[in-house]
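Taken in sequence, the protein lines are chains A and B. Residues -13 to 274 in the numbering used here are what the first sequence spells out, letter by letter. Residues 21 to 214 in the numbering used here are what the second sequence spells out, letter by letter.
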Amino acid sequence: MNIDFMSIVYAVGTLAILGLIFGIILGIASKAFAVETDERIGEIQDTLPGANCGGCGFAGCNALATAIVEGKAKPNSCPVSSNETADRIAEIMGMAPASGAVRYGARVVCSGKSNIAARMKYEYDGVTDCVSAMRFGNGTKYCEYGCIGLGTCVKVCKFGAIKIDDGVAVVDKEKCVACGMCRDACPKKIIEMVPYDSSIFVMCHSHDKGAAMKEKCTAGCIGCRMCTKVCESGAITVTDNLAKIDYSKCTECGKCVEKCPKKIIKIDKNKAIFFDKENEPVSVTPKQ
Amino acid sequence: MLTSLFSIALGAVLVENFIFNKFLGICPFLGVSKKVETASGMGMAVTFTMTIASAITWLIQHFILDRFGLGFMQTVVFILVIASLVQFIEMALQKMMPALYSSLGIYLPLITTNCAVLGVALLNIQNDYNFIQSIVYGFTAAIGFTLAIVLFASVRERLEYSDIPKSFEGLPIALVSASLMAIAFMGFSGLKVI
């Protein structure tokens, strides 16, 4: 076999020269076109979770990092991060650790499981999206305030923390980072941000009067004020036929939970809610 | 001259669409087509790169490779050229057009190894196009790519909200709809400027 060595030399040579030329051009370009970026932006971005959830109100973690460096946002603006992260960002920015932000968790405040507790108006067979179902008589449940259960919140959750259980969305507290995307997406506005360490929740959002409520859903707040009477710390108030807990006063004694005739005030000792078939809270150790 | 350019353009956009007919650039087609917004961003970045890459690779082929009889080195050299070109464009954009950079920036590195860009460079040479024709072919092929990816992204946006059987959710249904779109584009075959 006759191999033309010169053509190999030419080929290798050309490629080497081209590579060298491009390398030099790129090297020069990287110097010539160098954009001065504040190195703190990169550092802060590395500290942030990097999920780009948008919970802070900026377009992503990079945008927030830029905003923090430019002074447009506070070091603890990331709702997802822990206090340590906020402290570390403050440290990068040369500020005093000013975390102090309370960690929150999302909670879907509805117990009206479809056909179990809540009465249904009609069977919905359209696009699986709550906003779409809202257009047909404000959703499938008689209760105007109840969870539609078509999972608009499930879709927006970037952390897979929400699932639908019998027509009601349930947040997995272990996974929730309180970015607030579900709260903003919910057309019924029944997702609330509650302090992460709180364990007693009024799982209803209905402002309907007691008698009307009983017609629509067996698991709805009827505004009977039993909880306000039993509460020693005065943390529960009933406004517009709906009980509300002031978490700054709540001592988590659990008396309201026992007293509630509709069993919609629920306790969650394990910091994660599990329910059995009768809608009772069960004490289960969360899965690790 | 103009007729031939129009014929090239028509062919590249519709008849021999890069994605649906030549199956080039399938990776970004499936990867960045979840939203119309990102899809059009990717489309613009590809258009930008493919046009410039067509011009540069044509020059390299005719003034360097052909001169030394190194036509067989095409593929290797073009990969090198395209990769460094994309890097260069990225740096230049960041400095000179920050606004454009922030909209195209994240897509540019994805294009470095995009087979559509390499494909257009090789096809230009295979089809014996002259310099102008090469640029037109590169530009219009990229327009065809953009058309395909934007159309597909709008289909996928709708798929998000449809009731799809569990086993088909996500990529499977995307692939099925992509193949249906490819069949639709087959309707253009035979369209020709005489």
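Beta carbons are placed, not taken as given, at the ideal position from N, Cα and C, and that holds for glycine. In this text, all values refer to a predicted model and were calculated from it rather than measured experimentally.
Simplified DSSP state of residue i, which is helix, strand or coil
i: Ile54/A; result: helix
i: Ser(-7)/A; result: helix
i: Cys210/A; result: coil
i: Val157/A; result: strand
i: Ser269/A; result: The predicted model places Ser269/A with a pLDDT of 44, which falls under 50 and marks its position as unreliable, so this point remains unresolved.
i: Asp151/A; result: strand
i: Ser104/B; result: helix
i: Asn150/B; result: coil
i: Lys73/A; result: For the record, residue 73/A in the displayed sequence is Asp; it is not Lys. Looking at Asp73/A - three-state DSSP - the assignment turns out to be helix.
i: Tyr121/B; result: helix
i: Thr23/A; result: coil
i: Asn41/B; result: coil
i: Arg169/A; result: helix
i: Gly(-1)/A; result: helix
i: Val140/B; result: helix
i: Thr114/A; result: coil
i: Glu244/A; result: helix
Beta-bridge pairing of residue i - partner residues as DSSP gives them
i: Pro181/A; result: Tyr90/A
i: Leu228/A; result: Thr225/A
i: Phe187/A; result: Lys252/A
i: Lys127/A; result: Met106/A
i: Ser100/A; result: Ala104/A
i: Cys203/A; result: Ala104/A
CB contact below 7 angstroms: residue i versus chain A
i: Phe83/B; result: no
i: Lys186/B; result: no
i: Gln153/B; result: no
i: Ala194/B; result: no
i: Asp183/B; result: yes
i: Lys115/B; result: yes
i: Leu25/B; result: no
CB contact below 7 angstroms: residue i versus chain B
i: Ala(-3)/A; result: yes
i: Thr0/A; result: yes
i: Phe261/A; result: Residue placement at Phe261/A cannot be trusted, given a pLDDT of 44 that sits under 50; what the coordinates show is reported in the next sentence. It does not: the Cβ of Phe261/A has no partner Cβ on chain B nearer than 7 angstroms.
i: Gln274/A; result: The predicted model places Gln274/A with a pLDDT of 37, which falls under 50 and marks its position as unreliable, so this point remains unresolved.
Among the options, nearest to residue i - alpha-carbon criterion
i: Val175/B; options: Ala29/B, Lys54/B, Phe38/B, Gly45/B; result: Lys54/B
i: Thr132/B; options: Asn150/B, Phe108/B, Phe43/B, Tyr149/B; result: Phe108/B
i: Thr67/B; options: Val137/B, Gln153/B, Ser154/B; result: Val137/B
i: Cys190/A; options: Val95/A, Ile(-11)/A, Glu77/A; result: Val95/A
i: Tyr108/A; options: Gly123/A, Val(-2)/A, Val154/A; result: Gly123/A
i: Glu130/A; options: Leu228/A, His193/A, Asp158/A; result: His193/A
i: Ala147/A; options: Gly135/A, Lys161/A, Thr71/A, Val154/A; result: Lys161/A
i: Ala75/B; options: Leu105/B, Ser24/B, Ala194/B, Ile163/B; result: Leu105/B
i: Gly207/B; options: Phe159/B, Lys115/B, Ile39/B, Leu34/B; result: Leu34/B
i: Lys141/A; options: Glu180/B, Phe49/B, Phe172/B; result: Glu180/B
i: Ser182/B; options: Met167/A, Cys139/A, Leu4/A, Thr114/A; result: Thr114/A
i: Leu120/B; options: Asn37/B, Thr58/B, Ala65/B; result: Ala65/B
i: Tyr157/B; options: Ile28/B, Ser24/B, Leu22/B; result: Ile28/B
i: Cys210/A; options: Cys139/A, Gly98/A, Ile250/A, Ile30/A; result: Ile250/A
beta-carbon residue i near the ligand FMN non-hydrogen atom, thresh 6 angstroms
i: Ser182/B; result: You won't find the ligand FMN in this model; it holds no ligand whatsoever.
- Query: Going along the segment 8 to 24 of chain A in order, which residues come within less than 9 angstroms of chain B, judged by CB to CB distance?
  - Reply: Residues passing the 9 angstroms Cβ filter: Phe8, Gly9, Ile11, Leu12, Ala15, Ser16, Ala18, Phe19, Ala20, Val21.
- Mind listing which residues of the segment 85 to 112 of chain B have their C-beta closer than 7 angstroms to chain A's C-betas, in chain order? Phe88, Leu90, Met93, Val96, Val97, Leu100, Ser104, Gln107, Phe108, Met111, Ala112
- Message: For the segment 109 to 122 of chain A, list every residue whose C-beta sits within 9 angstroms of some C-beta in chain B, in sequence order.
- Response: Asp111, Gly112, Val113, Thr114, Asp115, Ser118
- Query: Quick one, which residues of the segment 40 to 67 of chain B are near chain A if we go by CB-CB under 8 angstroms, in chain order?
  - Reply: Taking a C-beta cut-off of 8 angstroms against chain A, none of the residues of the segment 40 to 67 of chain B qualify.
- Taking any Cβ of chain B, which residues in the segment 21 to 52 of chain A have a Cβ under 9 angstroms from it, in chain order? Val21
- Query: If contact means a Cβ-Cβ distance below 9 angstroms, which residues of the segment 142 to 166 of chain A contact chain B?
  - Reply: none
- Item | Chain-ordered residues of the segment 122 to 136 of chain A with a beta carbon less than 8 angstroms from chain B | none
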